[in-house]
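Read top to bottom, the protein sequences are chains G, W and V. The first sequence lines up with residues 1 to 498 when you count with my numbering. The second sequence lines up with residues 1001 to 1326 when you count with my numbering. The third sequence lines up with residues 2001 to 2323 when you count with my numbering.
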Amino acid sequence: MGDIILTMKGIDKSFPGVHALDHVDLEVRKGEVLALMGENGAGKSTLMKVLTGIYKKDSGTITYEGKEIEFKNTREAQDAGIVIVHQELNMLGHLTVAQNLFIGREFKKGIRIDDRKMNEEAKKLFDRLNVDIDPTETMSHLTVGKQQMCEIAKAVSFDAKVIIFDEPSAALTESEIEEMFKIIRDLKKKDIAMVYISHRMDEIKVITDRVTVMRDGAYVGTLITEECTKEDIINMMVGRVIYEEPKTESAVPKDAPVVLKVEHLNAGRMVQDVSFELRKGEILGFSGLMGAGRTETARALFGADPKESGDIYVNGKKVTINNPQDAVNCGIGYLSEDRKRYGIVVQKTVAENTTMASMQDFMNGIFIDKKKETEIADKYVEALATKTPGVDQLVVNLSGGNQQKVVIAKWLTRNSDILIFDEPTRGIDVGAKNEIYKLMNKLVEEGKSIIMISSEMTEILRMSDRIVVMCEGKKTGELDISEAKQETIMNLATREIE
Amino acid sequence: MKVEKIKQNAFVKKVGFNRIVLIFVLILMYLAFGALTGGSFFGVSRITNTLNYVYFLGFLSLGVTFVIATGGIDFSIGPVMYCCALVSGYSLITYGVPMTASLIMSVLIGVVFGVFNGYLVAYWKVPPFIVSMASMNIAKGIAAVFTKTQSVSWPQSSTADGWYRNFVSMNGIPVGLIIFLAVSVICAVVLNKTKWGRYILCLGSNEEAVRLSGVNVKKWKMLAYIICGTLVGIASIFFVAAYTTVQPGYGDQYNNEAIAGCVMGGTSMVGGLASISGTVIGVIIISLLQQGILALGFTKEYQYIITGLIVIAAVYADVSARRRKN
Amino acid sequence: MANKKAFGGLKGREIMVLGIIAIMAILFSILSPTFRTYPTLVSVLDNSYYITLMALGVTFPLITGGVDLSIGTGLVSYALIGGYLIVHQNVPVAVGILACIGIGLLIGLFNGALVALMDLPPFLATLCTCMITRGLGPALCGGFGVSWPSAIAEAGAFRKIFKFTTATGTVIPVGIISMIVLVIIMSFVLDHTRVGRYTIAIGSNKEATRLAGVNIKFYHVLAYVISGFFAGLAGVAYAATYATIYPGSGAGFELDAIGGAIVGGVSATGGVGTIFGSFLGVIVICLMKVGLPFIGLQANWQQIFTGIVLIAAVLIDVVKKKE
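So this is what it looks like as structure tokens:
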């Protein structure tokens, strides 16, 4: 293993009300891939932002190539050879690929930008990385995977000595990830150090050399990847063992009535001819890799996005769903993966959010019946054990798990019988996760039916009665929980790519 | 997650800190103008002038409060108010349309512009500032074409049709103030106690979340613009009742003053947060300021400059308060 | 690809606007014989200079996803101040012109500071400067109209930049040459220099541009400075074309320029636009302005049509996006 290129020691950083980093240490060596792991909010991204000058550290030292340094901005970090490949893609959709690659450091001929040379250089770079992208193509016309490749190519083009990958695989298909790993292995040979932030245990095992784990803004420890097991890492991340037994048998009778039937649903590239049935009291898991079209299917079904064709039957009756209003009137509720954007109005109170979808039941003439509204909100705060000082609390002040409960309360107030949970536990800490699971189980016991979209295999296996697997916009399989195994699901989820 | 709580006096919490500060500003300003003009500012005529200004500007400001609450903007309100007053006034004078019908026509023209703006913003997703620019021009154009660029003088109090001026004051009773406050109360009730207001505020805060709750956001968004248009139509009645003469091609300056009143009152430019009582106090401050500037011997050009600077300051306060929160 | 360059380096939108110009010109010519005369052409061009200049400048803030509403009242204000200095303070014409442009530049800087540094919503910030500039000219110059030196006077030589009258009395609209030169220069700036590249980048994704190490505040402010600078130039053009500048006018001028830019394909949400497109869009607006009276419509119809055309131009984009 190579020499140490970068050391961060005793890094401390506080934001108002939050101690984000608590004397964190980190050590990166030349030619290695260091995994940086931890739950959401463990401080991984914050640490990297401190490193690259986006945040200013409160205390601690950063030593890079033997010298103590502190970057004022990403530009300085870049110039020194430390580059981040971001989680959210930082592309400029209106510019070309080459223009994106060299943004901020264009080749010039006098005062003129030399676009031709930029295109040539971009071509050379892509050739070196073995990716096939036309530098003159407009960025927004590329697939997400290709855009990610551009980001990596950009990092490489900085002559980077340290590259930080912040959840790079989140939006990639299996084959694109494989392609990316090839590039990473190449870079390793060139003695480039890499920090790889990811939640995907399997990737960590395949590509990284060492694993540094963080928890609640603090450094926990570092392991050699080859010598540790998944459980070792998980235990360090959560500080306790949380291994849940998967469900083996579905409790739902085979002849339970079908409450929702979707036939030949089509909506663009991401939803092609999807058909499935949902039975009363059932949790139907939707599994697949990122970009398999599960969220898109849910949104098309819910009327949030336009669909091209397809029939939807609710309780055996054919219904027309053209917009969310229609869906809500059919008794369908949708809980988005991105609560802050699609689920709640953060600047409004718990009570106001609870009654959002059923205002008409809380009217007293033309006025809103605030008393009734408070009552029902109180009722659900209690029933769902939502942690809030009161129903007049602004939702923005609640934690992720409790925000999710407010969204659930919204649909329960509306009396929705079919609930679509899209990544129900994303961004929610482990304890609250279990509560959400219990709640979902309670809901189906009460006769509600749930469609659960999840990217976490353990979640799918633990919660679902049946599992629909999607891949690249198509349904590739349907399994009963009794016959579902990780391997079979993965196989279906990646079938067409290989 | 840790939530920092600021302990507040119950009274302050109930009335709202901003509004208390605003009232102090108002009183101080009044006293300052009085002192600077050697006491001549305290006369009844200044109060009447200020109130006349408050009425029409107040209705404009109340209207635009609803639009800003949705996160949009409407700076066509001034010219649209002029358009209402000009077209209906011209019909009254030249075509002999009865007074009552003319007044109704004023409001209807406002409503039509509200529908037009709201439809384009809500159903076609045209950016609000583009819609504002377009309807500002269309309003000016229609007014000029319809009146053949002649100014219009509504009837004086002494004439048979002069009764409409009673809307502003009758036998010394400030009827206008009573109507304005009554409409403000209605607006406050609509905004805070009804489904309309609830949806308008919520969609201003997070439109997509409200849509995915099965709410017809387009309808409610359009409604905000229609409410605004209606109030602009009403504003035009109070404008002519106070000043009788209207000239085509103007009205722009009132956009800024109305938005100024609204933003000073604590309505946030990004939507979702609006206060009718704040708008009322804000409008009174702006109106007093306009009178004060004139009383100090400055021309209306200084009104423009000072109002412009005030809006910048108020919006900046809003922006930086939000930045601190995040 | 839909937005790849079509033939001759022109984009689809520009070809469409060229078509509209041709149709309008033909239509007006058929309906009114007096329209297709040389004086009308000169009149269209005379009317177009200050609008073109405003449009060239305002294209930059528009592409960043903002807008500059202060250019209309601004240019009148700058021309008033410049004229006041020349006529009442006896400064040389050149200094008056520099003052006109210089104040425009300063107001642009002020706008840029409000939008880029203080984070105010662009339409609101510039709406305020619109009011401020409206008051500024009259407040500084005492509220009277000002006439810059006339073309006959020696000091009025600057007017010849826009309109050259030969000894025999033939009027040559030489201003169009300056306009074409400026269109070429600004196209170069937008398409081939960092200033333009970063203007588009800011409109496309401001945060990503910042993370690329670009000093976005500088370039964001610069977009408004360019707009202010061209408003200053437009002030000079306005003073050169029209006899007298009246205080309090200018409200609504900005719409002709912004409308022109948007008709010419600048996106109302930023990131997209060309200088040549803006230029063509302005010609559409000017044809309407000058042409409508020829077919028997009152001049103010132009305002109504401009409003409708503006909405239509944006709707085309909206519908296209939906597909």
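Glycine included, every Cβ here is placed at the ideal spot set by N, Cα and C.
Which bits of chain G does residue i rub up against, with CB to CB less than 7 Å?
i                  : result
Leu2211 of chain V : Thr74 and Asn90
Val1319 of chain W : What Val1319 of chain W touches in chain G: nothing, since even the nearest Cβ is about 16 Å away.
Glu1208 of chain W : Arg341 and Tyr342
When you compare the CB positions of residue i and residue j, do they come within less than 8 Å of one another, or not?
i                  : j                  : result
Met1099 of chain W : Tyr1164 of chain W : yes
Val1232 of chain W : Gly1058 of chain W : no
Ala292 of chain G  : Ala493 of chain G  : yes
Ala2139 of chain V : Glu1301 of chain W : yes
Ile344 of chain G  : Gln403 of chain G  : yes
Ala1122 of chain W : Lys1193 of chain W : no
Leu461 of chain G  : Lys117 of chain G  : no
Gly1251 of chain W : Pro1127 of chain W : no
Ala20 of chain G   : Gly217 of chain G  : yes
Gly2065 of chain V : Gly2273 of chain V : no
Ala160 of chain G  : Ile82 of chain G   : yes
Leu2124 of chain V : Ile1073 of chain W : yes
Leu2085 of chain V : Gly2102 of chain V : no
Ala2257 of chain V : Val2067 of chain V : no
Gly1038 of chain W : Val1246 of chain W : no
For residue i, which residues of its own chain have a beta-carbon under 7 Å away from its beta-carbon, when the five flanking residues on both sides are left out?
i                  : result
Arg240 of chain G  : Note that Arg240 of chain G scores 46 on pLDDT, short of 50, meaning its location in the model is unreliable and no value can be drawn from it.
Lys448 of chain G  : Asp417 and Leu419
Pro1155 of chain W : Asp1161 and Gly1162
Ser1091 of chain W : Val1097, Ser1102 and Met1105
Gln347 of chain G  : Leu394 and Val396
Val213 of chain G  : Met37, Gly38, Val220, Gly221, Ile233, Met236 and Met237
What residues from chain V crowd round residue i, counting only those whose CB sits closer than 7 Å?
i                  : result
Asp1161 of chain W : Neighbours of Asp1161 of chain W on chain V: none; closest Cβ ~28 Å, over 7 Å.
At a CB-CB cut-off below 9 Å, which residues of chain W make contact with residue i?
i                  : result
Pro2061 of chain V : Correct list: empty, because the minimum Cβ distance to chain W is about 12 Å.
Val2024 of chain V : For the record, residue 2024 of chain V in the displayed sequence is Met; it is not Val. Residues of chain W passing the Cβ test: none, with the nearest at roughly 18 Å.
Lys30 of chain G   : Here the premise fails: no neighbours, minimum Cβ distance about 38 Å.
Quick one: residues in its chain with C-beta nearer than 6 Å to the C-beta of residue i, no 5 flanking neighbours on either side, listed in chain order?
i                  : result
Ile1020 of chain W : none
Cys1202 of chain W : Val1210
Phe503 of chain G  : The structure shown has nothing for residue 503 of chain G, since chain G only spans 1 to 498.
Thr2209 of chain V : Ala2201, Ile2202 and Ile2216
Ala1224 of chain W : Phe1066, Val1067, Thr1070 and Ile1200
Ala304 of chain G  : Pro324
Ile188 of chain G  : The residue you asked about is not Ile; residue 188 of chain G is Lys in the sequence shown. Closer than 6 Å at the Cβ level, and outside the excluded window around Lys188 of chain G, lie Gly31.
Tyr243 of chain G  : In this prediction, Tyr243 of chain G scores a pLDDT of 48, lower than 50, which makes its location untrustworthy; no coordinate-derived value is stated.
Phe286 of chain G  : Arg294, Ile453 and Val468
Quick one: list the residues of chain G neighbouring residue i, beta-carbon separation under 9 Å, in chain order.
i                  : result
Thr1194 of chain W : Met363, Ile366, Phe367 and Ile368
Cys1187 of chain W : Under the 9 Å cutoff, chain G gives no residues; its nearest Cβ is about 14 Å from Cys1187 of chain W.
Apart from the five residues just before and just after residue i, which ones in its own chain have a Cβ nearer than 8 Å to its Cβ?
i                  : result
Lys2163 of chain V : Val2042, Asp2046, Ala2151, Val2171, Ile2172, Pro2173, Val2174, Gly2175, Ala2240 and Thr2241
Glu277 of chain G  : Val258, Leu260, Lys261 and Val262
Val1315 of chain W : Val1263 and Met1269
Thr225 of chain G  : Ala35, Ile204, Lys205, Thr208, Asp209, Arg210 and Val211
Return the Cβ separation of residue i and residue j in integer angstroms, given the expectation that the two are a contact with Cβ distance under 8 Å.
i                  : j                  : result
Ile428 of chain G  : Gly401 of chain G  : 4 Å
Ile1259 of chain W : Val1115 of chain W : 21 Å between Cβ atoms; not a contact.
Gly2137 of chain V : Pro2247 of chain V : 6 Å
Ile152 of chain G  : Met180 of chain G  : 7 Å
Considering only heavy atoms of the ligand SAM, does any lie closer than 7 Å to the CB of residue i?
i                 : result
Ile451 of chain G : Absent from the structure shown: the ligand SAM. Ligands present: none.
Listing by chain order, which chain G residues have their CB less than 8 Å from the CB of residue i?
i                  : result
Asn2300 of chain V : In chain order: nothing, as chain G lies at least about 37 Å away.
Which residues of chain V have a Cβ atom closer than 9 Å to the Cβ of residue i, listed in chain order?
i                  : result
Ala1134 of chain W : Leu2255, Gly2259, Thr2306, Gly2307, Ile2308, Val2309, Leu2310, Ile2311 and Val2314
| message | Three or more C-beta pairs under 8 Å: does that hold for the region 2034-2043 of chain V against the region 2302-2310 of chain V? | response | No, the region 2034-2043 of chain V is not in contact with the region 2302-2310 of chain V.
| message | Using a Cβ distance threshold of 8 Å, determine whether the region 2213-2229 of chain V contacts the region 2110-2119 of chain V, with at least three qualifying pairs required. | response | Using a Cβ-Cβ distance cut-off of 8 Å, the region 2213-2229 of chain V and the region 2110-2119 of chain V are in contact, since at least three pairs of beta carbons, one from each stretch, lie closer than that value.
| So, do the region 328-342 of chain G and the region 407-417 of chain G have three or more beta carbon pairs nearer to each other than 8 Å? | With the cut-off at 8 Å, the region 328-342 of chain G and the region 407-417 of chain G touch.
| query | Within the chosen definition, does the region 2240-2259 of chain V reach the region 1223-1241 of chain W through at least 3 CB pairs nearer than 8 Å? | reply | Flag = no, the region 2240-2259 of chain V and the region 1223-1241 of chain W do not touch.
| task | Spell out a yes or no on whether the region 43-61 of chain G and the region 73-85 of chain G are touching, meaning 3 or more CB-CB pairs, one atom from each, closer than 8 Å. | result | Output reads yes: the region 73-85 of chain G touches the region 43-61 of chain G.
| Is there contact between the region 2071-2086 of chain V and the region 2275-2288 of chain V, where contact requires at least three CB pairs shorter than 8 Å? | Short answer: they don't touch.
| For the region 59-69 of chain G against the region 3-11 of chain G, are there 3 or more C-beta pairs whose distance is under 8 Å? | At 8 Å Cβ cutoff, the stretches touch.
| query | Does the region 2008-2027 of chain V come within contact of the region 1292-1299 of chain W, defined as at least 3 CB pairs closer than 8 Å? | reply | The answer is no - the region 1292-1299 of chain W does not touch the region 2008-2027 of chain V, with fewer than three Cβ pairs under 8 Å.
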